[in-house]
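Colleague: In the numbering used here, the protein residues as written are 75 to 533.
Glycine included, C-beta positions come from ideal geometry on N, C-alpha and C.
Quantities reported herein were computed from a predicted structural model and do not represent experimental measurements.
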Amino acid sequence: MDDLRSNLFYEKKNGYDLIGTEERLAVEDYCVGYMDYLNRSRMEREAVINAIELAKKNGFVEYHFGMELKPGTKIYYNNRSKALILAVIGKKSLAEGAVIAGAHVDSPRIDLKQVTLYEQDEMCYFKTHYYGGIKKYQWVTIPLELHGAVALKNGEVVDVVIGREPNEPKFIITDLLPHLAKDQMTKTLAEGITGEGLNILIGSAPYADEGKDRVKLAVMSILNDMYGITEEDFLSAELSAVPAFDVSEIGLDRSLIGGYGQDDRVCAYAELKALFDVTDPERTCVCILADKEETGSDGVTGMQSAAFDCFMEDLCATQGVAMRHCYANSFCVSADVSNAFDPLYPEVSEKRSESMINYGVSICKFTGSRGKGGTSDASAELVAYLRRLFAENGVVWQMAELGKVDQGGGGTIAKYMANRNIDTIDAGTPVLSMHAPFEVTSKFDCYMTYKAVLTAYKG
Ligand code: MN
Ligand code: MN
């Protein structure tokens with residue numbers, strides 16, 4: 075009877091029961107590289123710059139139109155330092171399609187407003203406008219660091235990083251003490267902390283002078299000393315506050331990884347490492363690190379931008395292939411994180427269909443919300459193709475949905491790829507506390523995400 079059951083029933087298994095010692099070591103080895111990349115890549119700009127640095131070490135060269143592309147040629151295309159496309163040219167013609175993996179490198183954060191600096195009651199603050207879907211109460215009373223770029227009128231761009239090094243100052247958004255929070259505590263979690271209330275404390279010592287806004291003057295003169303900027307330069311700046319927590323192992327068994335921005339740099343790194351490890355691929359392998367996913371994939375650096383099509387059209391042109399034919403035969407893994415089932419909040423999940431920590435890379439046939447609204451929904455044939463590939467290559471994976479039906483929902487870049495007439499499926503790493511300042515993944519699942527993308531690239 076048990077044989078009959080195991081033949082006929084589908085049963086998910088904990089990944090640790092499915093791998094040997096050698097692969098457990100590979101998991102640890104992989105995660106050292108991932109944690110280092112994550113710790114250094116706290117903004118999409120840094121994720122792109124660090125990816126280029128790794129790519130160069132792995133033999134990639136900057137793409138320019140008209141360059142000779144032979145099988146095995148490794149190229150990268152930097153889209154405005156905020157998105158990146160890399161490719162390894164395959165042995166087959168692009169007419170037979172490319173294998174594409176697309177992740178995003180932007181994460182929820184607190185952006186500074188363009189008119190940001192102000193003094194109130196002899197304290198100095200930045201006004202902010204949050205980016206992406208955040209639970210605002212999570213972002214107060216945690217150390218923050220400042221990252222981004224200030225574009226000057228003369229065309230020069232000044233990179234800003236303050237607070238990343240242990241000896242550098244941090245910033246903070248304060249919250250009310252419980253003693254005086256009687257009214258605040260009656261508000262909902264959504265209303266207790268407001269968007270306009272997310273003001274970042276940046277200084278308190280007045281400039282040794284007479285007149286108004288002495289603290290602001292002192293702060294501005296420090297910024298001027300450090301970066302040569304004036305208050306007007308904030309108008310053309312992209313500065314963001316992100317959590318100042320270092321990436322670290324979590325748990326006594328060190329089986330988990332905690333860090334800011336794992337959605338979706340965990341998949342971005344998996345794609346990069348897979349692309350570096352693929353040798354002489356049959357079909358051209360493409361890796362996308364997109365921007366603006368958290369705000370809808372709009373804009374020149376988002377996945378709805380023609381930047382990707384322009385790049386692919388260029389590649390196709392070198393082989394005399396029409397891009398539309400390439401797309402029709404291509405396959406895309408939209409590599410983005412999924413929600414991991416959280417035993418502390420079982421009420422939002424339908425356990426049979428939810429990603430479990432340590433059960434491997436999760437595949438979502440569809441995302442979206444309500445009656446499958448806003449999703450590309452991969453075909454049964456595509457899922458079957460992946461089942462076969464993963465089974466043949468020892469990829470531990472699980473099928474997943476995002477929570478109970480009608481509980482909420484979400485999306486990824488998948489639909490923007492599928493809308494291009496590219497067969498696309500969602501695959502990614504399960505995450506606990508997604509979009510929080512400190513997100514949690516499991517080492518096992520991080521590694522299996524990499525292995526899944528590598529397997530797809532090899533085809
Ligand atoms: Mn994501
Ligand atoms: Mn997200």
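Counting beta carbon pairs with one atom in the stretch 468-475 and one in the stretch 144-160, are three or more of them shorter than 8 angstroms?
Modeller: Touching, no.
Colleague: In the DSSP assignment, what are the bridge partners of residue 472?
Modeller: As a first step, residue 472 must be located in the sequence shown, where it is residue number 398. DSSP lists 436 as partners of residue 472.
Colleague: Please give me, in chain order, every unbroken run of the alpha helix (DSSP H) with length at least 4 that falls completely inside the stretch 271-324.
Modeller: You should have 288-301.
Colleague: With H, G and I counted as helix, E and B as strand and the rest as coil, what does DSSP make of residue 333?
Modeller: Counting from 1 along the sequence shown, the entry for residue 333 is found at position 259. Residue 333 falls in the strand class under three-state DSSP.
Colleague: Just mark residue 263 as buried or exposed, buried being the case when its beta carbon has 16 or more other beta carbons within 10 Å.
Modeller: Counting from 1 along the sequence shown, the entry for residue 263 is found at position 189. Counting Cβ neighbours within 10 Å, residue 263 comes out exposed, since fewer than 16 surround it.
Colleague: Considering only heavy atoms of ligand 2, does any lie closer than 6 angstroms to the CB of residue 118?
Modeller: Counted from its first residue, the sequence shown places residue 118 at position 44. The answer is no for residue 118.
Colleague: Throw me the rounded Cβ distance for the residue 336 and residue 515 pair, which I believe falls under 8 angstroms.
Modeller: Walking along the sequence shown from the start, residue 336 turns up at place 262. Walking along the sequence shown from the start, residue 515 turns up at place 441. The Cβ separation is near 5 angstroms, so the contact holds.
Colleague: Rounded to whole angstroms, what is the Cα-Cα separation between residue 360 and residue 159?
Modeller: On the sequence shown, position 286 is the one that residue 360 refers to. On the sequence shown, position 85 is the one that residue 159 refers to. One C-alpha to the other measures close to 7 angstroms.
Colleague: Quick check on the DSSP output: what are the complete beta strand (DSSP E) runs of length 3 or more inside the stretch 140-178, in order along the chain?
Modeller: Correct list: 148-153, 157-162, 173-178.
Colleague: With distances taken from CA atoms, which of 528, 165, 283 is nearest residue 407?
Modeller: The count along the sequence shown starts at 1 and reaches residue 407 at position 333. Answer by Cα proximity: 528.
Colleague: Could I get the ranges of all uninterrupted beta strand (DSSP E) runs contained in the stretch 190-224, with 3 residues as the minimum, in chain order?
Modeller: Listed in chain order, the complete beta strand (DSSP E) runs (minimum 3 residues) inside the stretch 190-224 are 197-205.
Colleague: Listed by chain order, which residues have C-beta atoms less than 5 angstroms from any heavy atom of ligand 1?
Modeller: For ligand 1, the selected residues are 337, 338, 410.
Colleague: Is the stretch 480-490 close to the stretch 447-455, with three or more CB pairs under 8 angstroms?
Modeller: Result yes; three or more Cβ-Cβ pairs closer than 8 angstroms.
Colleague: Does the beta-carbon distance from residue 534 to residue 316 come in below 7 angstroms?
Modeller: The chain is shown from 75 up to 533; residue 534 falls before or after that span and cannot be answered.
Colleague: So does residue 230 have its beta carbon nearer than 6 angstroms to some heavy atom of ligand 2?
Modeller: By one-based count along the sequence shown, residue 230 stands at place 156. No, the Cβ of residue 230 stays beyond 6 angstroms of every heavy atom of ligand 2.
Colleague: Flag this pair as touching only if the stretch 268-281 and the stretch 244-258 have three or more C-beta atom pairs under 8 angstroms; answer yes or no.
Modeller: Segments in contact, yes.
Colleague: Any chance the stretch 196-212 sits against the stretch 372-386, with 3 or more Cβ pairs inside 8 angstroms?
Modeller: No, they do not touch.
Colleague: Please return the same chain residues whose Cβ sits closer than 7 angstroms to the Cβ of residue 307, not counting the five positions on each side in sequence.
Modeller: Residue numbering aside, residue 307 sits at position 233 when the sequence shown is read from its first letter. 224, 226.
Colleague: Does the stretch 399-415 touch the stretch 423-433, meaning 3 or more C-beta pairs lie closer than 8 angstroms?
Modeller: A contact exists between the stretch 423-433 and the stretch 399-415.
Colleague: Assuming contact is defined by CB atoms lying nearer than 7 angstroms, are residue 329 and residue 171 in contact in what I supplied?
Modeller: Here residue 329 corresponds to residue number 255 of the sequence shown, with the count starting at 1. Here residue 171 corresponds to residue number 97 of the sequence shown, with the count starting at 1. Result no, Cβ atoms of residue 329 and residue 171 do not sit closer than 7 angstroms.
Colleague: Give the secondary structure of residue 484 by DSSP, where H, G and I count as helix, E and B as strand, and everything else as coil.
Modeller: Within the sequence shown, the letter at position 410 stands for residue 484. It is a strand residue.
Colleague: Is residue 368 close to ligand 2? I mean its beta-carbon at under 6 angstroms from any heavy atom of the ligand.
Modeller: For the purposes of this step, residue 368 is taken as the residue at position 294 of the sequence shown. Within the cutoff, so yes.
Colleague: Which residue spans inside the stretch 363-429 form an unbroken beta strand (DSSP E) run of at least 3?
Modeller: Complete beta strand (DSSP E) runs here, min 3: 405-409.
Colleague: Measure the C-alpha to C-alpha separation of residue 310 and residue 294 and round it to an integer number of angstroms.
Modeller: Walking along the sequence shown from the start, residue 310 turns up at place 236. Walking along the sequence shown from the start, residue 294 turns up at place 220. Distance between the alpha carbons of residue 310 and residue 294 is about 16 angstroms.
Colleague: Out of 173, 331, 219, 401, state which residue places its alpha-carbon closest to the alpha-carbon of residue 242.
Modeller: Within the sequence shown, the letter at position 168 stands for residue 242. If we check each option's Cα against that of residue 242, 219 comes out closest.
Colleague: Give me the Cα-Cα distance between residue 369 and residue 433, rounded to the nearest whole angstrom.
Modeller: In the sequence shown, counting from the first residue as 1, residue 369 sits at position 295. In the sequence shown, counting from the first residue as 1, residue 433 sits at position 359. Their backbone Cα atoms lie some 29 angstroms apart in a straight line.
Colleague: Measuring CB to CB, does residue 313 end up less than 7 angstroms from residue 186?
Modeller: Taking the first residue of the sequence shown as 1, we reach residue 313 at position 239. Taking the first residue of the sequence shown as 1, we reach residue 186 at position 112. Yes, the pair counts as a contact, with Cβ atoms nearer than the cut-off.
Colleague: Going along the chain, which residues of its own chain have a beta-carbon closer than 7 angstroms to the beta-carbon of residue 297, five neighbours each way excluded?
Modeller: Position 223 of the sequence shown, counting from 1, holds the residue named residue 297. 303, listed in sequence order.
Colleague: Which residues bound the beta strand (DSSP E) around residue 232?
Modeller: Here residue 232 corresponds to residue number 158 of the sequence shown, with the count starting at 1. Note, residue 232: beta strand (DSSP E), 231-236.
Colleague: To the nearest angstrom, report how far apart residue 319 and residue 341 are at their CA atoms.
Modeller: Taking the first residue of the sequence shown as position 1, residue 319 is located at position 245. Taking the first residue of the sequence shown as position 1, residue 341 is located at position 267. Cα-Cα distance, rounded: 20 angstroms.
Colleague: When we look at the beta-carbon of residue 134 and count the other beta-carbons within 10 Å, is it buried (16 or more) or exposed?
Modeller: Within the sequence shown, numbered from 1, the residue matching residue 134 stands at position 60. Per the 10 Å Cβ criterion, buried.
Colleague: Looking only at its own chain, which residues have a Cβ that is under 7 angstroms from the Cβ of residue 459, when we skip the five neighbours before and after it?
Modeller: Here residue 459 refers to the residue found at position 385 when the sequence shown is read from its first residue. Closer than 7 angstroms at Cβ, skipping near neighbours: no residue.
Colleague: When the Cα atoms are used, what is the spatial distance from residue 163 to residue 177?
Modeller: Here residue 163 refers to the residue found at position 89 when the sequence shown is read from its first residue. Here residue 177 refers to the residue found at position 103 when the sequence shown is read from its first residue. Distance between the alpha carbons of residue 163 and residue 177: 20 angstroms.
Colleague: Using a Cβ-Cβ cutoff of less than 8 angstroms, which residues in the same chain neighbour residue 477 once the five nearest sequence positions on both sides are dropped?
Modeller: Reading the sequence shown from its first residue, position 403 is the one you call residue 477. Counting only Cβ-Cβ distances below 8 angstroms, and skipping sequence neighbours, we find 413, 422, 423, 424, 428, 483.
Colleague: Measuring alpha carbon to alpha carbon, tell me which of 416, 465, 420, 481 ends up nearest residue 441.
Modeller: Here residue 441 is taken as the residue at index 367 of the sequence shown, counted from 1. Of the candidates 416, 465, 420, 481, the one whose C-alpha sits nearest the C-alpha of residue 441 is 481.
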